[in-house]
Amino acid sequence: MNQTQPIFNLEKEIGSWQQTMLLSALTPDDVEEITQHLRDEISGLQANGLSDKEAWFVARHRMGEPLSIDQEFKKVNPDFAANRSLLMLFWGGTIFMMLQNLYFVYPAFLRFISRRLTGDFKPRPYISLYQISVILNVLNILVLCLAVICLTRATVIATWFNNLLIKYSAFLSVLVIILGAFTAFFNFHTITNLTRKYYVDLTGDMFTFTTCGFVFYGILLFCTAWFTIRYRKSDFRNLKSFSLNITWPVSFGLGVMITVIAGFINLLNSDSFKYLAILIIGIPTGWMVANSKRHFLNLFMLQLSHLFFITYIEFTTSHNEYRLLYEHMAVLIAIIIGSFICKINKARLQAS
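Residue numbers (my numbering): 21 to 372.
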């Protein structure tokens with residue numbers, strides 16, 4: 021009985037080999053370069069009369085086994101594997117934070133949204149408890165399906181997510197800050213409401229509790245965004261090397277992230293905590309932007325998005341204009357302090 025031999029697919033084999041390399045100590049740029057060498061080797065062998073399959077086996081043998089290549093590149097990129105592990109760790113924490121909101125917080129949030137009734141303004145639940153139970157049952161099924169997919173297709177998912185991080189690292193970094201801030205606010209707001217009775221007479225402790233939440237979620241989102249950027253750009257070994265490559269669009273994007281975070285903090289109705297958070301975020305950001313090549317332009321773009329925001333709020337709402345002015349002054353002061361620290365550090369290095 022004749023058995024049909026599977027058709028050899030050269031591109032599929034090269035793609036599988038490339039995905040294996042992407043999960044090693046090689047950076048994405050290293051993988052692109054070594055894959056191009058492999059293709060050149062295959063093309064040369066094919067020009068000498070070898071078939072696709074023969075050229076593939078010979079070229080792969082000449083390039084070496086993936087494990088051997090991995091061991092060699094570990095000497096060149098000793099911290100890359102650790103960086104990828106930390107990247108996946110923080111992304112896992114961020115994704116589970118978002119799933120937690122989707123699973124527990126958002127259904128409760130929908131339950132208590134009020135809407136106007138005909139003839140009066142009496143609030144009532146937007147959806148019923150029965151509808152909430154249906155939503156939770158659907159989420160149960162989706163989570164179980166997701167768990168099964170992760171268990172059965174772990175390699176495929178890891179490869180897909182790895183490619184996603186490589187192609188869209190900058191976009192995902194901005195997205196995780198903005199969407200993560202939105203998610204963290206609802207998550208923290210729910211926890212605060214549940215624990216408020218324990219802090220009802222302890223204003224100082226409530227401030228400390230809010231600060232702890234900001235630090236916890238802030239570190240999670242910052243590390244997720246930072247390791248995502250660093251994963252694609254292997255030359256970003258630290259914040260200083262990143263700051264040297266900051267351009268005005270990046271500065272404007274950093275300003276947008278500060279504005280979004282400040283906007284969510286405003287919803288907590290705590291001015292003292294808001295100004296503390298602006299200083300915590302603004303000073304390091306000002307230091308980074310001041311390290312860039314065109315730092316005057318970049319510093320201007322950094323505060324421009326917040327200026328647009330408070331101008332929009334001023335002309336569209338009856339917001340307290342002095343409170344907005346104080347908030348923008350706090351942003352400017354934080355940026356100036358960060359720039360001043362950068363200038364002092366540069367002067368100290370030049371003197372030494």
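Even for Gly, the Cβ is constructed at its ideal location relative to N, Cα and C. Computed from a prediction, not measured in an experiment: that's the story for all the values here.
Put residue i into one of helix, strand or coil per three-state DSSP.
| i | result |
| --- | --- |
| Q39 | helix |
| I379 | Here the chain covers residues 21 to 372 and nothing more, so residue 379 does not appear. |
| R59 | helix |
| R104 | helix |
| Y188 | coil |
| E10 | With the chain represented from 21 up to 372, any question about residue 10 goes unanswered, as that position is not in the structure. |
| F236 | helix |
| K294 | helix |
| N121 | helix |
| R9 | Because the chain is modelled from 21 through 372, residue 9 falls outside the range shown and cannot be assessed. |
| L70 | coil |
| S325 | helix |
| R343 | helix |
| T305 | helix |
| R12 | Since the displayed the chain opens at 21 and closes at 372, residue 12 lies outside it and no answer follows. |
| S134 | Caution is warranted here: a pLDDT of 47 is assigned to S134, below 50, making its placement in the model unreliable, and no coordinate value can be reported. |
| D99 | coil |
| S312 | coil |
| N207 | helix |
| L46 | coil |
| F28 | coil |
| I266 | coil |
On a Cα-Cα basis, can you pick out the residue from the options that is closest to residue i?
| i | options | result |
| --- | --- | --- |
| F247 | I301, W268 and M108 | M108 |
| L119 | A102, A350 and L164 | L164 |
| Q91 | L46, G112 and R343 | L46 |
| N121 | S153, H209, S36 and G273 | H209 |
| I301 | I281, R314 and N311 | I281 |
| I355 | R343, F328 and I298 | I298 |
| L274 | Q370, Q323 and F234 | Q323 |
| V158 | I27, Y123 and T179 | Y123 |
| A350 | V154, I161, I278 and Y150 | I278 |
Using C-beta distances below 6 Å, list every residue in its chain close to residue i, excluding the 5 sequence neighbours before and after it, in chain order.
| i | result |
| --- | --- |
| A367 | none |
| L42 | V51 and N182 |
| L192 | T248 |
| I34 | none |
| I361 | W307 |
| K294 | I285 |
| G233 | F208 |
| G139 | With a pLDDT of 45 at G139, under the threshold of 50, the predicted position of this residue should be treated as unreliable, though the coordinate-derived value follows. Result list for G139: empty, nothing under 6 Å. |
Kindly list the residues whose CB is nearer than 8 Å to the CB of residue i, restricted to its own chain and excluding five residues on each side of it in sequence; keep chain order.
| i | result |
| --- | --- |
| P74 | According to the sequence as given, residue 74 is Glu; it is not Pro. Closer than 8 Å at Cβ, skipping near neighbours: L65. |
| I186 | L42, P48, Y251 and R252 |
| K363 | A310 |
| I89 | M41, S44, L46, I54 and M83 |
| I177 | I169 and C170 |
Near residue i, what residues of its chain come up, given a Cβ to Cβ distance below 7 Å and the 5 sequence neighbours on each side ignored?
| i | result |
| --- | --- |
| L156 | P127 |
| F110 | L240, C243, T244 and F247 |
| P304 | G358 |
| K312 | The sequence as given places Ser at residue 312; Lys does not occur at that position. Taken in chain order, the residues that qualify are S263, L264, I266 and N318. |
| A79 | L58, E61, I62 and L65 |
| Q12 | Here the chain comprises residues numbered 21 to 372, so residue 12 is not present and cannot be evaluated. |
| F28 | D72 and K73 |
| S189 | T248, I249, Y251 and R252 |
| Y6 | With the chain covering only 21 through 372, there is no way to say anything about residue 6. |
Touching by the beta-carbon criterion (3+ pairs, under 8 Å), the stretch 195 to 211 and the stretch 235 to 249: In this structure the stretch 195 to 211 touches the stretch 235 to 249; the number of beta carbon pairs closer than 8 Å is three or more.
Stretch-stretch touch, CB-based, cutoff 8 Å, three pairs: the stretch 187 to 199 with the stretch 60 to 69: no
Touch test, the stretch 79 to 94 against the stretch 48 to 60, Cβ-Cβ under 8 Å, three pairs minimum: yes
The stretch 311 to 322 / the stretch 266 to 274 touching (three or more Cβ pairs under 8 Å): yes
Touching by the beta-carbon criterion (3+ pairs, under 8 Å), the stretch 110 to 117 and the stretch 88 to 102: no
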